[in-house]
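A.B. asks:
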Amino acid sequence: MMSWPEPMNRWIPPPHRASKHASEPNNWDSLPQELTNLTSLLYWPPTGGDKDDFLASTSPRTSTYRLKGPAQTNYTLGSNLEAILVARDHKGRPKTHGGDLFRAQLLGQELKAGVPGEVKDLENGTYLLSFPLLWAGPAQVQVRLIHSSEVVRVLQRVWKGKRATVDFRGYFRGRDGTQETVICNVDPQSTGAQGPTCQYRDVVSGELWFCAQPSTLPCDALVGHSSGSYLKVTTRHDEELMAGSVTDQPLPSGISPILVTPAAIGNMSDVALPSRPPCRPGHLSPKPSGFYYQDRWHSTFCSSRSFPTVSSILNCLAGRIVYMMGDSTLRQWWEYLRDTVPSLKPVDLHVQYQAGPLMAVDTTRGTVLHWRAHSWPLRSRRTPVASLHSVARVLHGLAGGPYTVVVLGMGAHFTTFPPSIFARRLAGIREAVKALLDREPSTLVVIKLANTGYKSVYGSDWLTIQVNRFLRAAFDGLQVAFVDAWEMTSSLAVPDDIHPKRLIVRNEVELFLSFICPT
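Take the sequence shown: its position 23, counted from the start at 1, is 23 in full-length UniProt numbering, and no numbers get skipped.
1) Under the rule that 16 or more other beta-carbon atoms within 10 Å means buried, what is H374, buried or exposed?
2) Based on Cα-Cα distance, which residue from G477, V391, C184 and V509 lies nearest to K448?
3) If we count the other Cβ atoms within 10 Å of its Cβ and call it buried at 16 or more, is Y353 buried or exposed?
4) In three-state DSSP terms, what is Y75?
5) Could you spell out where the beta strand (DSSP E) holding R163 opens and where it closes?
6) How many angstroms separate the CA atom of S57 from the CA atom of S149?
7) Give me whichever residues DSSP pairs with K345 in a beta bridge.
8) Determine, using beta-carbon pairs with one atom in the stretch 92–107 and one in the stretch 476–487, whether at least three such pairs fall under 8 Å.
9) Would you say the stretch 405–414 touches the stretch 369–386, given that touching needs at least three Cβ pairs under 8 Å?
10) Compute the Euclidean distance between the alpha carbons of G356 and K68, then round it to the nearest angstrom.
11) Determine the contact status of L388 and W334, defining contact as a CB-CB distance below 8 Å.
12) The beta strand (DSSP E) spanning D202 covers which residue range?
13) Identify every residue that forms a DSSP beta bridge with C184.
14) Excluding the 5 residues flanking K434 on each side, which residues of the same chain have their C-beta closer than 7 Å to its C-beta?
15) Suppose the cutoff is 8 Å on Cβ atoms and the five residues either side in sequence are ignored; what does the same chain contact list for A22 look like?
16) Please report the distance separating the alpha-carbon of Q156 from that of T329.
17) Does R381 have its Cβ less than 8 Å from a Cβ in chain B?
18) From A243 to N468, what distance separates their C-alpha atoms?
19) Report the three-state DSSP secondary structure of F54 (helix, strand or coil).
20) Please go through the same chain and pick out, in chain order, the residues whose beta-carbon is closer than 6 Å to the beta-carbon of T519, but skip the five residues on each side of it.
21) Beta strand (DSSP E) containing residue 521: first to last residue?
22) Looking at the unbroken beta strand (DSSP E) that takes in M324, where does it start and where does it end?
23) Report the CB separation of I321 from T404 in whole angstroms; it is logged as a contact under 8 Å.
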């Protein structure tokens, strides 16, 4: 039975006093070229000056949108619909700067259809909305204010200016049974330690972790890890701006429902999908990367397939060893396959479920399905440190080949740290992916982008947008495949959830399977 590669000797943990170099939150030295141009990568339109007046912030109730051109009786399948949005404050005054996070959708409720719209910030308080008309039938524009520009400014301040917005617990145990619990984090200062700290460095990936040094136990007595506390990083005014009444709220409907009809008489196609190549790594995905129709996601850049039966899934996975590494949104893929395919039998490895590793096997078809969480910083229940493996280390230990499939999906646990933390983690993972593909180019590597969900200072759709920019940049130029979970979770009239509903997970998995079995 195929299992995870052995982790070798994982950590070198000498205690040391916090150094200035280790605490710098925005040190970009030694990053690969794909991640060094962070000024443009993280660009966001100016959000205006600081004001303490809540009524001057963008309001979902007074902001308006309308068609850019005159209304039509019918619209042509395959064309575009454009609209103009004017952001206004709570007194109805037009905003003079951009920076708001709006989400636009075109929905066809009767047809179980939906597609994300493009929102172009003109940086003067107005936004150009554009929607491709990809199905024939009724459609309705919907626009939501996710965060005002004032909230985006708060998120920028916290994300780039703080070392961490959460902390963790490290559990130490001596040979005589003595136990201590301390605070751990991504840098020495965020442990709150007044004295020495324990540094843990993965000797292969270079990833660092720090814990306050226990008073009576050595650093190598660290045996357990768990989530800690959410730290207070907002002011009273920040919290007013981020209140639920003005976060992720719909704008008043400004466009009547439209009817989309085929371009030519006799054209019986209900969707606008040109001929597309099979789904293979290396494809550049356009915007949008796909759309829903009859509850099925249709890729716009490759001929994604449907896997409607258990046998179709099993035939695709036959002989494959699949390694999934990331967060709980990727674990949903593992759970979907486990629950959908009765012959994929989970193996009880007696581990803490949130961290894994998890494994399911079909011995008849020779399929092995792994999932494990990425290593620190992982928010989870208490789990053995021995269960936390560096993603880069695991990748360096894989032989690869035509029957090896690697899926990486991370981001949600990194929004509580400055961007340099995620950038450095991705730099090591990119190096490991490149090395894997260099030694075995037939290995399939799939990157799951982060999905919509959280709406707080600790995890927000705005922060997720930045995470996804990093993910795309980190793997640019490599023969990897992307599953755009962001678009797949922002295209339907369903509430956002960090753990999407089964319909969405099914479509994510089917697109993933389309890369394994493109024809």
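Just so it is clear, CB atoms sit at the ideal spot from N, CA and C, and this is done for glycine as well.
C.D. replies: Looking at the atomic coordinates:
1) The residue labelled residue 374 in the question sits at position 374 within the sequence shown. Answer is buried; the Cβ neighbour count reaches 16.
2) Translated into positions along the sequence shown, residue 448 becomes position 448. Nearest option by C-alpha distance: V509.
3) Counting from 1 along the sequence shown, the entry for residue 353 is found at position 353. Exposed is the call here.
4) On the sequence shown, position 75 is the one that residue 75 refers to. DSSP places Y75 in strand when its eight states are reduced to three.
5) Here residue 163 corresponds to residue number 163 of the sequence shown, with the count starting at 1. Premise fails: R163 is in no beta strand (DSSP E) and is neither H nor E.
6) Start at 1 with the first residue of the sequence shown, and residue 57 comes out as number 57. Start at 1 with the first residue of the sequence shown, and residue 149 comes out as number 149. If you take the alpha carbons of S57 and S149, they lie about 7 Å apart.
7) As a working mapping, residue 345 is identified with position 345 in the sequence shown. According to DSSP, K345 bridges with V361.
8) no
9) yes
10) Indexing the sequence shown from 1 puts residue 356 at position 356. Indexing the sequence shown from 1 puts residue 68 at position 68. So the two alpha carbons sit approximately 51 Å from each other.
11) In the sequence shown, the residue the question calls residue 388 occupies position 388. In the sequence shown, the residue the question calls residue 334 occupies position 334. Not a contact, by the Cβ cut-off of 8 Å.
12) Numbered from 1 along the sequence shown, position 202 holds the residue referred to as residue 202. T197 to D202 is the extent of the beta strand (DSSP E) around D202.
13) Numbered from 1 along the sequence shown, position 184 holds the residue referred to as residue 184. Answer is F168 and C211.
14) Numbered from 1 along the sequence shown, position 434 holds the residue referred to as residue 434. Counting only Cβ-Cβ distances below 7 Å, and skipping sequence neighbours, we find L478.
15) Taking the first residue of the sequence shown as position 1, residue 22 is located at position 22. For A22, the predicted structure reports a pLDDT of 38, less than 50, and the residue's modelled location is therefore unreliable. A value from the coordinates is still provided. The answer, listed in chain order, is D187, P188, Q199, L208 and F210.
16) Your numbering for residue 156 matches position 156 in the sequence shown. Your numbering for residue 329 matches position 329 in the sequence shown. Looking at the two C-alpha atoms, the distance is approximately 25 Å.
17) Absent from the structure: chain B. Only one protein chain is present.
18) Residue numbering aside, residue 243 sits at position 243 when the sequence shown is read from its first letter. Residue numbering aside, residue 468 sits at position 468 when the sequence shown is read from its first letter. Going from the Cα of A243 to the Cα of N468 covers about 25 Å.
19) For the purposes of this step, residue 54 is taken as residue 54 along the sequence shown, with counting starting at 1. In the structure shown, F54 sits in a helix (DSSP, three-state: H, G or I).
20) Within the sequence shown, the letter at position 519 stands for residue 519. Hits under 6 Å: P278.
21) Past the boundaries of the shown model lies residue 521; the chain is included only from 1 to 519, so the question cannot be answered.
22) Residue 324 sits at position 324 when you count from the first residue of the sequence shown. Taken as a continuous stretch (DSSP letters only), the beta strand (DSSP E) holding M324 covers I321 to G326.
23) Numbered from 1 along the sequence shown, position 321 holds the residue referred to as residue 321. Numbered from 1 along the sequence shown, position 404 holds the residue referred to as residue 404. With 8 Å as the limit, I321 and T404 qualify as a contact, their Cβ atoms being about 6 Å apart.
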